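Taken in sequence, the protein lines are chains A and B.
Here our numbering is used: the first residue of the first sequence is 1, the next is one more, and so on.
Here our numbering is used: the first residue of the second sequence is 285, the next is one more, and so on.
A short write-up of the structure that comes next.
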Amino acid sequence: MTSAAPSVGVPLAPRPGRAKRIGRSVAYYAPAIAVFVGVIGLWEIAIRAFEVRAVIVPAPSAIGAALVENWGAGRWPLFDAARATLFEALGGLVIGTLAGLAVAFGVSRWANARDAVLPAAIAANAIPIIAIAPIFNAWFGVTNPLSKMMVAALLVFFPVMINVTRGLTQVEPAAIELMRSYAASEWAVLRKVRVPNALPFFLTALKVATTLSLIGAIVGEYFGGASGVIGRVVVQSASALRFDVTWAAILLGAVAGISLYLAVVLLERWLIPWHASVRREEPG
Amino acid sequence: MTDQPDRAASVVRISGVDKEFSAGGRVVTTALSGIDLDIRRGEFVSLIGPSGCGKSTLLRLIGDLIAPTAGSVEVNGKPAHAARLGREYGMVFQAPVLFEWRSVEDNVKLPLELLGMARSERETRARQMLDLVELGEFRGHHPHQLSGGMQQRVAIARALALQPAILLMDEPFGALDEMTRERMNSEVLRIWQQTGTTIVFVTHSIPEAVFLSTRVVVMSPRPGRITRVVDVPLGQPRNDDTREEPRYFQVVTEVREALRAGGGLGGESTGASDDRLAAEGRVG
Numbered sequence: 001m002t003s004a005a006p007s008v009g010v011p012l013a014p015r016p017g018r019a020k021r022i023g024r025s026v027a028y029y030a031p032a033i034a035v036f037v038g039v040i041g042l043w044e045i046a047i048r049a050f051e052v053r054a055v056i057v058p059a060p061s062a063i064g065a066a067l068v069e070n071w072g073a074g075r076w077p078l079f080d081a082a083r084a085t086l087f088e089a090l091g092g093l094v095i096g097t098l099a100g101l102a103v104a105f106g107v108s109r110w111a112n113a114r115d116a117v118l119p120a121a122i123a124a125n126a127i128p129i130i131a132i133a134p135i136f137n138a139w140f141g142v143t144n145p146l147s148k149m150m151v152a153a154l155l156v157f158f159p160v161m162i163n164v165t166r167g168l169t170q171v172e173p174a175a176i177e178l179m180r181s182y183a184a185s186e187w188a189v190l191r192k193v194r195v196p197n198a199l200p201f202f203l204t205a206l207k208v209a210t211t212l213s214l215i216g217a218i219v220g221e222y223f224g225g226a227s228g229v230i231g232r233v234v235v236q237s238a239s240a241l242r243f244d245v246t247w248a249a250i251l252l253g254a255v256a257g258i259s260l261y262l263a264v265v266l267l268e269r270w271l272i273p274w275h276a277s278v279r280r281e282e283p284g
Numbered sequence: 285m286t287d288q289p290d291r292a293a294s295v296v297r298i299s300g301v302d303k304e305f306s307a308g309g310r311v312v313t314t315a316l317s318g319i320d321l322d323i324r325r326g327e328f329v330s331l332i333g334p335s336g337c338g339k340s341t342l343l344r345l346i347g348d349l350i351a352p353t354a355g356s357v358e359v360n361g362k363p364a365h366a367a368r369l370g371r372e373y374g375m376v377f378q379a380p381v382l383f384e385w386r387s388v389e390d391n392v393k394l395p396l397e398l399l400g401m402a403r404s405e406r407e408t409r410a411r412q413m414l415d416l417v418e419l420g421e422f423r424g425h426h427p428h429q430l431s432g433g434m435q436q437r438v439a440i441a442r443a444l445a446l447q448p449a450i451l452l453m454d455e456p457f458g459a460l461d462e463m464t465r466e467r468m469n470s471e472v473l474r475i476w477q478q479t480g481t482t483i484v485f486v487t488h489s490i491p492e493a494v495f496l497s498t499r500v501v502v503m504s505p506r507p508g509r510i511t512r513v514v515d516v517p518l519g520q521p522r523n524d525d526t527r528e529e530p531r532y533f534q535v536v537t538e539v540r541e542a543l544r545a546g547g548g549l550g551g552e553s554t555g556a557s558d559d560r561l562a563a564e565g566r567v568g
């Protein structure tokens, strides 16, 4: 795909027609889809050709069958499990993001707060998440989804806090001088310069955070709690040697992660259509 | 020029100004020493000198972006600080400093929003200003869709939006190629004549300073002092033919000799910045 030349000095060209745009989108996504389908196909063929036992690696068709079979019924109803885990991940995402934003705004406004809070935040980030999960289970109740949310929130907090702080503080010095020359208040500088400047940083952090929140939720589930969640299904089906179900559960976890990620991509297109990272993706 | 304003009135009155930069309680640099300068209403004054002569520092003192160590800066008969709070400045920097999340028109509206001007009035004023810099048809574009010269014209439109008493320009065309720079010079002269705004212009290009100004203030480095003020007796309006007049060359030579006498060019003073200036001088 050749990228659009910036229309320097000429009024914008009209957008290409709908059919043309769809054609370009297909051409854009076709290679990725081909690779994906090809890998699945090779996997299936290899399992059948070498007669690999399902305990080691189940065939894609077997995983598909397990998915259908356990979708809403059986010992491990997968759809409900995925929904419950997604709920925990989302809860953690919201809590961690809000905490990260709050600290970032405080830290970028008051230099004293930065010196006081940053070491603690870095220390919190250094804690191995595997070690903290059982403790949170004890604190917030092992069957309470909040204990899983807090593990996810802890993972989400740091990238959001660090990136948003960077976005709020790394503003062109000339932009600050410009605002000062207009006698703009701190509040106006925050609203009109710092916050828009931080938006791309925030969305980048949020993309990372979606994946982290799912990891956090599933790690929390590993250390006990109500069944009917992806983490418990993985533990239980693996110990029952039902690896087709294990793989199906992992697949659903991945799908949940991808949906969260895509939601952020949509949010990004809506919030920062002006930013270079979003502009480049425009086909044509 | 229509409606000649009162030429005797001082817009800027600088008396006995020193500026020292300190670190850890010790004076590190004496940027400016014993500066006296009066700028009358409607004048176009250039500050010229080698890097490190404090010309940008002097501009920032006039704009109250920094405070003098000694002496006083008055703008429109009041301290520079009061003038800044009264929003009497327009500033243009070397970089356009346009906000990428705002359209061209919204960038021009920024100072009007800070002033709290009514929406409909903002609309009208922003369009007037964009028409003034001949970018009316680009008002819906985003900055990245414009060339460097056009972006700088948007910055000028923004700086003039509040109809400031004084326009401060800090090497505004330093990043542009020679051809664009000459076009922009003619543009600025046209705008100056149309609006009657007082302009203080920092540059290290001798031809640019002579072509634009009614007076050229020649500065020398370490510590920054005004060594000479050269009157430019070229008529108005000036155009491409002005650059070929014998009198133009005479003034260019006069400014160059003043720079050399002050240690700004060739001879006793050496250094990369001085070489760059010498190269620029040869162009004229």
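Yeah, the Cβ is synthetic: ideal placement off N, Cα and C, and Gly gets one too.
A quick note: this is a predicted structure, and the numbers were derived from the prediction, not measured.
Taking residue i as the reference, give the member of the options with the closest Cα.
i	options	result
Ser213 of chain A	A:Leu267, A:Val245, A:Arg166, A:Ser259	A:Ser259
Asp461 of chain B	B:Ile319, B:Val438, B:Ser431, B:Asp525	B:Ser431
Ser489 of chain B	B:Arg442, B:Asp320, B:Pro334	B:Pro334
Ala59 of chain A	A:Met161, A:Trp274, A:Trp247, A:Ala111	A:Trp247
Asp415 of chain B	B:Ser356, B:Glu397, B:Arg442	B:Arg442
Ile63 of chain A	A:Pro145, A:Ala49, A:Glu44	A:Glu44
Ile475 of chain B	B:Glu389, B:Val359, B:Leu343, B:Gln520	B:Gln520
Asp524 of chain B	B:Arg423, B:Ala367, B:Ser504, B:Glu471	B:Glu471
Ala449 of chain B	B:Gly370, B:Glu389, B:Ile510	B:Gly370
Leu266 of chain A	A:Val278, A:Val255, A:Ala256	A:Val278
Asn360 of chain B	B:Ala354, B:Gly424, B:Glu372, B:Pro352	B:Glu372
Pro119 of chain A	A:Arg53, A:Phe158, A:Thr143	A:Phe158
Glu405 of chain B	B:Glu421, B:Gly374, B:His425, B:Leu446	B:Leu446
Ala254 of chain A	A:Ile130, A:Val235, A:Ala89	A:Ala89
Val193 of chain A	A:Leu206, A:Phe202, A:Met179	A:Met179
Gly546 of chain B	B:Thr537, B:Val535, B:Thr511	B:Thr511
Leu444 of chain B	B:Ala459, B:Met468, B:Met413, B:Val312	B:Met413
Check whether the Cβ atoms of residue i and residue j sit closer than 8 Å, and answer yes or no.
i	j	result
Ala379 of chain B	Ala184 of chain A	no
Gly216 of chain A	Leu154 of chain A	yes
Ala81 of chain A	Gly228 of chain A	yes
Leu452 of chain B	Val438 of chain B	no
Met149 of chain A	Gly100 of chain A	no
Gly74 of chain A	Ser147 of chain A	no
Asp320 of chain B	Gly347 of chain B	no
Thr97 of chain A	Val156 of chain A	yes
Leu168 of chain A	Phe105 of chain A	yes
Leu271 of chain A	Leu199 of chain A	yes
Glu409 of chain B	Leu396 of chain B	Reading the sequence as shown, one finds Arg at residue 409 of chain B and not Glu. Result yes, Cβ atoms of Arg409 of chain B and Leu396 of chain B sit closer than 8 Å.
Ile218 of chain A	Thr85 of chain A	yes
Provide the residue span of the alpha helix (DSSP H) that contains residue i, from first to last.
i	result
Leu86 of chain A	78-109
Ser259 of chain A	243-271
Tyr222 of chain A	195-222
Asp461 of chain B	Per DSSP, Asp461 of chain B belongs to no alpha helix (DSSP H) and is neither H nor E.
Could you spell out the range, first to last residue, of the beta strand (DSSP E) harbouring residue i?
i	result
Tyr29 of chain A	Run containing Tyr29 of chain A: none in the beta strand (DSSP E); it sits in the alpha helix (DSSP H), 18-49.
Lys393 of chain B	Unbroken run through Lys393 of chain B is the alpha helix (DSSP H), 388-399; no beta strand (DSSP E).
Ser299 of chain B	294-307
Ile135 of chain A	Careful: Ile135 of chain A lies outside any beta strand (DSSP E), inside the alpha helix (DSSP H) at 129-140.
Asp454 of chain B	450-454
Arg279 of chain A	From DSSP, Arg279 of chain A is part of no beta strand (DSSP E) but of the alpha helix (DSSP H) over 276-279.
Thr482 of chain B	482-487
Excluding the 5 residues flanking residue i on each side, which residues of the same chain have their C-beta closer than 6 Å to its C-beta?
i	result
Leu252 of chain A	Leu78, Ala82
Asp559 of chain B	The pLDDT assigned to Asp559 of chain B is 42, lower than 50, so where the model puts this residue is not dependable; a value taken from the coordinates is nonetheless given after this. Excluding residues within five positions, none has a Cβ falling inside 6 Å.
Thr314 of chain B	Glu304, Pro507
Gly257 of chain A	Thr211, Leu214
Ala133 of chain A	Val151, Val219, Gly220, Phe223
Thr554 of chain B	Low confidence applies here, because Thr554 of chain B scores a pLDDT of 40, under 50, leaving its location unreliable; read the following figure in that light. Cβ within range, chain order: n/a, list empty.
Give every residue of the same chain whose Cβ lies closer than 7 Å to the Cβ of residue i, excluding the five residues on either side of it in the sequence, and list them in chain order.
i	result
Glu327 of chain B	Thr482, Thr498, Arg499
Arg522 of chain B	Leu473, Phe495
Asp515 of chain B	Arg499
Ser330 of chain B	Phe485, Thr487, Ala493, Leu496, Ser497, Val500, Val501
Leu316 of chain B	Val301, Asp302, Lys303, Gly338, Thr341, Leu342, Pro507, Gly508
Ser61 of chain A	Glu44
Only counting the same chain, and skipping five residues up and downstream in sequence, which positions put a Cβ closer than 8 Å to that of residue i?
i	result
Pro530 of chain B	none
Trp274 of chain A	none
Val245 of chain A	Ala66, Asn70, Trp76, Leu78, Val233, Ser237
Val381 of chain B	Ala439
His428 of chain B	Glu384
Val539 of chain B	Ile332, Ile490, Ala493, Val494, Val500, Val502, Val514
Ile350 of chain B	Lys303, Thr341, Arg344
Val296 of chain B	Leu321, Asp322, Ile323, Ile346, Val357, Glu358, Val359, Ile450, Thr482, Val484
| message | Runs of 4 residues minimum, wholly inside the region 521-545 of chain B: which ones carry the alpha helix (DSSP H) assignment? | response | 530-545, all fully within the region 521-545 of chain B.
| Where in the region 353-393 of chain B do unbroken runs of the alpha helix (DSSP H), each at least 4 residues long, occur, reported from the N-terminal end onward? | Secondary structure within the region 353-393 of chain B: the alpha helix (DSSP H) runs of 4 or more consecutive residues, fully enclosed, are 364-369 (chain order).
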